[in-house]
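A short write-up of the structure that comes next.
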Amino acid sequence: MSDLNQEMAARYKNNFLKEIEEQAEMGEWVKMCMQCGLCSGSCPTNFHSGWDHPPQEIFMLIRAGKREEVLNAQGMYMCTSCYNCYVRCPRKVPVTHVMHGIAEYAYRIGRAPKNQPTMHLSKTFWTNATKHGRVNEVQLTQSLYFKDGIGAGIKKAMEMQKEALGLVKAGRLNPMEALGMGHKCKDVKGIHAMLAKAEELEAKNKAAKA
Amino acid sequence: MAETKTAAYICKGCEIGTRLDTAALVKTATKSGKMNIVREHDFLCSAEGVAMIQNDIDNEGVTHAALCACSRRAKTEAFNFPTIAMSRGNLREGVIWIRPDTDAARETTQEMAEDYVRMACAEVKAMTVPPGNQKTGTVKTLLVVGGGMSGMTSALEASKAGYKVVLVEKSAALGGWAAKLHKRVPTREPFKSPEDNGVADMVARIEADSNIKAYLNATIAKTDGAPGRFKVDIAIESGAIAQEDVGAIIQATGFTLYDANKLPEFAYGKTPNVVDQAGLEALAKAAAAEGKPIRRPSDGQPVKSVVFVQCAGQRDATGKHLQYCSGFCCNTSIKQAMYFKDSNPDIDTVVLFTDLRTPGNGEDFYRAAQNKGVIFSKGVVSQVVPSGNACTVKFKDLILNEDTEAQADLVVLATGVVPNSGVNIDAPVAAPAAAPAEAAEGEVAGEVIATIAPESILNLTYRQGPDMPQFKHGFTDSHFICFPYETRRTGIYTAGPVRRPMDILQAQEDATGAAMKAIQAMENAGLGKAAHPRAGDLSFPTVRLEGCTQCKRCTVECPFGAIDEDEKRFPLFNESRCRRCGTCMGACPVRVISFENYSVNTVGSQIKSVEVPDEFSEKPRILILACENDAYPALDMAGMNRNEYDPFVRVIPIRCLGSVNTIWITDALNGGYDGVMLMGCKHGEEYQCHFVKGSELGRYRLSKVGDTLKGMNLETERVHDLEVAITDIATLPQKINDYAALIKSFPPSPFKGF
Amino acid sequence: MTSVVATNQTILVVGGGISGMTAALEAAETGKQVVLVEKNPYLGGRTVQLYRYFPKMCHPTCGLEINLRRLKANPRIQVLTLAEVTGISGDKGAYSVSVKLKPRYVNSNCTACGECGKAVQTEIADEFNYNLGKIKAAYLPSNMAYPQRYVIDPSIIGTPDAERAKAACKYDAVNLDDREETISLNAGAIVWATGWQPYAAEKIVYYGYDRFPNVITNVEFERLADPHGPTGGKILRPSDGKEAKNVAFIQCAGSRDENHLRHCSRFCCMGSLKQTHYVQEAYGDEGKSTIYYIDIRAIDRFEDFYQKVKANPNVTFVKSKVARITEDKAGNPVCNGVNTEGYIRYANAHDLVVLAVGMEPSVKGVQIPAEVMSDSSGFIMADPANAGIFGAGCATNALDVNRAVQSATAAALRAIQVVNKVARAEA
Ligand SMILES: Cc1cc2nc3c(=O)[nH]c(=O)nc-3n(C[C@H](O)[C@H](O)[C@H](O)COP(=O)(O)OP(=O)(O)OC[C@H]3O[C@@H](n4cnc5c(N)ncnc54)[C@H](O)[C@@H]3O)c2cc1C
Ligand code: SF4
Ligand code: SF4
Ligand code: SF4
Ligand code: SF4
Ligand code: SF4
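Chains as they are written, first to last, in my numbering: chain A, 215 to 424; chain B, 2 to 755; chain C, 580 to 1006.
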């Protein structure tokens, strides 16, 4: 069977739905969506560039067995974790988590696009936070701004200057963080130990599921 | 019976006394009303006022009383004198509340009041207290036709209330469709999985019930009589006829599934792997009996994928199939998808729908199915293409907005229901000549309403036809929102999907309600009391056969089929079928039909009692005949809101527009009235008339009055028919005034003074 | 002291809406003794507050008139208004019930002449019109109110206004010494027909019902369309009285939602389809309606009605649950969301948004006897085989009027079964 035919035969079959249920965190919720569209409409990002499929549509694509279209989609990386959809969904689908679950799965199997901005943010955020035991906001911002090169970074930083100064004045941003100083976490070691344990448990869980 | 003694009471309360010259009203009642006793009272509805009237009844022998006070709709608890004939002169809502309290208006207001006093006196004198009907039967056994879930429920519920039941089922077993179901949609929380169909338990209870006598393999050969005294011939298996006496009937004959062969695009009949929902129940039942998974008909292999096509023939706007929604098929597909998922979660089940209709707790069931992995999508199926042992379902996925397809081992068509309601007695006799050849019997106006040969179910001997009148799409429903059981055949109720598409749960509720109505009909027939909407009315139509010309108007028009013909072709009234609408009375050209409390004379004498001023007075008279159910209350409420209207109208409440005898109109016009306004309820498909057809028949009759007017050399606008709803509280006075203005623009009636 | 004649063969009906009235009438017209208890000062329940019924577009008062006439003609029904059942003891066939009667301050002498209403100055919120207007503190609840008797609001008792009312009445009908009382009565069977209440729309935070004046509920919209309602039947939006010619209907507002009501309320799709007619009736072709829906549940022959509305070019259907409402500078509510048929985002400004709020049982949270089971949504699910207390109408499920009446007729028979058994035993 050709790829196309195979894809046709898999339409509206459970194969891909099952794959998502087994592999993606919270994937078992995909089947519960009733296609009301509330999640898509609730999203404050207004689906700017890059949002090819909103959550409700991704869920339908999964159920329609459209594996390629879903794994190639950008939508699941665009979620900003505002949880609007999560709290409103009439089916109590934890939409935010499902989106992340699908994104994480696509990344895990090597289908996530390179330099996808949200993906980059998550990774940077994670590295940053786990390293210090808390987020070093200035370093985080810097690494985000400079992700597309020095020029772009400076431009972005200039644009945001006013906001940054405001935050500094309000005591919400400590410029010393740029040097790795400023607010500190009390027990970085403890946190590292905790994270190691969590990783171990997670791995076990995944092994059990598969 | 005691000698007639008449009394009139004039109330002075509620400002009647200050707005009107009540002394003059007393005089009117005495002189023109010719009442034996006339009394005024400051506050007639007070305990003291009521005691005064009661005293006159008890000690003065009053048999007829005209209460000239407020509307007949007000103070009914106080003025409750069931032993006498009583009329109400409406001086409050009908006079002082609709007239301004000005010097200029005083004279005409007083004239209005005096006329209403005259009318009340005239009316009550033409009435007698109904003695009740002696001829009605007192059989209290219920006949239930159809032994499905609905029929069995009616039988069991009636028995539980202490009544005997005869249950007639056409097939060899009880249970109807429900017995063919592998399982049923759950009826109790948590609404997660199909339940046992419950039939075996019901059948066992019927068999154990000594009140219930069941006939299987039996149909109704003949139904004769009326509530309280039906005689039924039951054709039983042996070919013999069993006879039963019953008091009321419930028809619970269910439905037939729409013929899926009419949907060639879905490949039904082209491959055994396309089935309807009933077909799937059969597969599931057979599989369960063998303890095996559901198998594909073509090769006996276990089904691995199923697609359900919702609305297969229902909700069809093209006029080719069924227009309506069958109500239960969405839930049924959900249930059937669970047959697969519950046995093997790996079976692919897809439900394609345009609107998924799972109201109420069905939403829980829908969620449970999703949780079990059933895939739902909004899509329109265009075609099912069989190939080998599989099928391809071509459809448009409306969410993903693309034409697509799905492969399946089995395709289930959720076809709809066609009611088993018997012969359509209102259908035009001949089929329209232009109908295409294949538009076979049962097709009316481009819509398929029946695919089954219409064979009578009840075989009523009624003059108007052998079965229950149908409402729409062949269902024997009523179109009353508030009175769902009101059919056009007294004492015969339909229950379950023969009345309206419904699932078992609703059908059982419906069947219990129908049993309630049937029991009530039997009880009241025995007492000679009318059924809804004039419940409890003890009057009944009497006919002076000496005058009858055998024109058959009454037998044809009675909306409730109450009148048959005897051997000599005279009308034969079956009182307990009658609802006391008066349509027969209105129809009768020689006016030989009347009721004790309502007759050509009770209204006619009121019309005649009104004083018609001469042509120079510039005081026209306009007669209003207002339906007591809607128009009269609307006028009352106009009064309550002090919405004024013209002082030259005189309003008489009538039971129904259908009861209007044209003699009233010609009498009024001959008597010098300048115009006649008729107020009745909406008729036609969205009828509002409480006697279903009454206002329609009345209007048809009145449409002929134009010729009479022309014959009298009068403007045809002098008779005006107005459709009124009970809420026309503000608009009705305006319409009256507009009409009065029109009449005033005509010269005075040339008949004044004759 | 109010006296009520009741025995173990009496049927008690709780709730005097269309279901309760139906159950009472059907039983009484079969010869049974009935006591009908209603919390409001009048009978009729919520249907009286509707302008028209789907699918016939007829008026609820039409049926009410017939039912009231049946009631007036039937000596077997005793009606208690301003009354609430406070306790039930005993067992089926022999219940003992206590009923609390609130004072009406107006006795049966009242002729409904309206003088007290003219005399009183205080105004109170008009509950009948969902507080969309104000009425005098001595009032007749509606044109069709039965008993046809005025009511004096307790808030003016002890004030000069109450004295004014008393002085105005020529018939000694105002009784300011009226006191709350509790009576007890017997009953063999009980029909519980306490009906429904609209879901509290403010709980659906993202629709801003309590923030935006031009977001109203479907029950309120009925009052706006009614010529006897607070706007005289003009569809005017609350914020500025502007004619609302572009109206949005949001389906499943609260229903089919695990954060609110789990069930589908069954009537609200038809309700909104009906209300598009109101817009049309008021403004002709200038009246535009948009229905935002998940599924249109116009079941059985109601489908005809849906097809008719669908064919109306002034009505638009959008398959979408509106995600949030905002307000633009002109004070127009804006519906934001995604049309799921093909993923089309929208932000549509309307003059008025009507939330098709769902039905909640009004028994919810109310203490009813243990024998009466209710499901997790609060609807009664009495056991018809063994109970002596039966649910009827919307107390048992989200139902439209037709189905509620059907259910009430069935409940009447269930109650009769119990009292007939008592009668057989006593005979
Ligand atoms: C495939 C399928 C699946 C369904 N699944 C469900 C479900 O899971 N849950 C649910 O709630 N509903 C379901 N329904 C609907 C349900 O079957 C009906 O609502 C219910 O069975 C109707 O019962 P009834 O007694 O009114 O009608 P029927 O079952 O049609 O019974 C009518 C009876 O009357 C008899 N009869 C007909 N004409 C005559 C005559 N002239 N004289 C004497 N007897 C006569 C018939 O033989 C039959 O026994 C389903 C329906 C179908 C077709
Ligand atoms: S809000 Fe929930 S049910 Fe609605 S489309 Fe989104 S995930 Fe589906
Ligand atoms: S209510 Fe009627 S009877 Fe009583 S005082 Fe008023 S008009 Fe007279
Ligand atoms: S119940 Fe569902 S499948 Fe059946 S006719 Fe209605 S919408 Fe179509
Ligand atoms: S009164 Fe009405 S129901 Fe009775 S016989 Fe005459 S037409 Fe028929
Ligand atoms: S009837 Fe319609 S609006 Fe109401 S809850 Fe059900 S689907 Fe939603």
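Positions of the beta carbon are idealized from the N, C-alpha and C atoms, including for glycine.
Bear in mind the structure is a predicted one, so any value in this text is a computation, not a measurement.
| query | What in chain C is Cβ-close to A:Gln249, meaning under 7 Å? | reply | Thr919
| field | Beta-carbon proximity of B:Val96 to B:Met120, cut-off 9 Å | value | no
| message | Please report whether the beta-carbon of A:Asn286 lies at a distance below 9 Å from any beta-carbon of chain B. | response | no
| Expressed to the nearest angstrom, what Euclidean distance is found between the alpha-carbon atoms of B:Thr717 and B:Cys552? | 27 Å
| For C:Ile995, which of B:Gly147, B:Glu282, B:Ala159, B:Pro191 has the nearest alpha-carbon? | B:Ala159
| What first and last residue would you give for the alpha helix (DSSP H) that runs through B:Trp665? | 663 to 671
| Would you call the stretch 278 to 289 of chain B and the stretch 385 to 396 of chain B in contact, with 3 or more CB pairs under 8 Å? | no
| task | Measure the alpha-carbon distance for C:Ala926 versus B:Ile655 and round it to whole angstroms. | result | 55 Å
| query | Using a C-beta cutoff of 9 Å, does B:Asn372 count as contacting chain A? | reply | yes
| said: Taking the beta strand (DSSP E) that B:Gly681 belongs to, which residues open and close that run? | reply: 676 to 681
| message | Quick check: is any heavy atom of ligand 3 less than 8 Å from the C-beta of B:Arg93? | response | yes
| query | Where does B:Val145 land, buried or exposed, given buried means 16+ other C-beta within 10 angstroms? | reply | buried
| message | Can you check whether the C-beta of C:Asp907 is within less than 9 Å of a C-beta belonging to chain E? | response | Chain labels in this structure do not include chain E; the protein chains are A, B and C.
| said: If the cut-off is 7 Å on Cβ atoms, which residues from the stretch 662 to 694 of chain C count as contacting chain A, listed in chain order? | reply: none
| task | State the CB to CB distance for the pair C:Leu680 and C:Ala662, rounded to an integer number of angstroms; the pair is presumed to be in contact (CB under 8 Å). | result | 5 Å
| field | Any non-hydrogen atom of ligand 5 closer than 8 Å to B:Ile564 Cβ | value | yes
| message | Determine whether the beta carbon atoms of B:Asn680 and B:Leu624 lie at a separation below 9 Å. | response | The sequence shown places Met at residue 680 of chain B, rather than the Asn named in the question. Cβ atoms of B:Met680 and B:Leu624: not closer than 9 Å.
| said: Restricting to Cα atoms, I'd like to know which of C:Ala804, C:Val951, C:Ala746, C:Ala827 is closest to C:Ala768. | reply: C:Val951
| B:Asn56 in three-state terms, based on DSSP | helix
| task | In angstroms with no decimal places, state the Cα-to-Cα distance between B:Asp504 and C:Val826. | result | 35 Å
| said: Check this for me: beta carbons of B:Ile348 and A:Tyr226, under 9 Å apart or not? | reply: no
| task | Output, in chain order, the set of chain C residues within a Cβ distance shorter than 8 Å of B:Lys141. | result | Those do not exist, as B:Lys141 stays about 12 Å from chain C at its closest Cβ, beyond 8 Å.
| query | Residues near ligand 3, CB to any non-hydrogen atom under 6 Å, in chain order? | reply | B:Cys12, B:Gly14, B:Cys15, B:Ile17, B:Phe44, B:Leu45, B:Cys46, B:Ala70, B:Cys71, B:Ala75, B:Lys76, B:Arg93, C:Thr690
| request: Could you tell me which chain B residues have their CB closer than 8 Å to the CB of C:Met636, listed as they occur along the chain? | output: Glu687
| said: With a threshold of 9 Å between beta-carbons, can A:Glu271 be considered close to chain B, or not? | reply: yes
| request: Within its chain, find whatever has a CB closer than 7 Å to the CB of B:Glu487; leave out the 5 residues flanking it on each side and keep chain order. | output: Ser479, Phe481, His533
| Counting contacts by CB-CB distance shorter than 9 Å, is B:Val375 in contact with chain A? | yes
| beta-carbon B:Ala415 near ligand 4 non-hydrogen atom, thresh 8 Å | yes
| query | Cβ atoms of B:Ala66 and B:Asp59: under 9 Å apart, would you say? | reply | no
| field | CA-to-CA distance, B:Pro634 to B:Gln371, given in whole angstroms | value | 52 Å
| Near ligand 4: B:Asp356 beta-carbon under 8 Å from a heavy atom | yes
| query | Enumerated in chain order, which unbroken segments of the alpha helix (DSSP H) with a length of 4 residues or greater are wholly contained in the stretch 692 to 767 of chain C? | reply | 694 to 698, 739 to 747
| Which chain B residues sit within Cβ distance under 8 Å of A:Tyr300? | Under the 8 Å cutoff, chain B gives no residues; its nearest Cβ is about 18 Å from A:Tyr300.
| request: Measuring only between beta-carbons, confirm whether A:Met290 sits less than 9 Å from chain B. | output: no
| Within 9 Å (strictly less), CB to CB, does C:His929 reach chain A? | no
| said: Check for me: the alpha helix (DSSP H) holding A:Glu235 runs from which residue to which? | reply: 228 to 237
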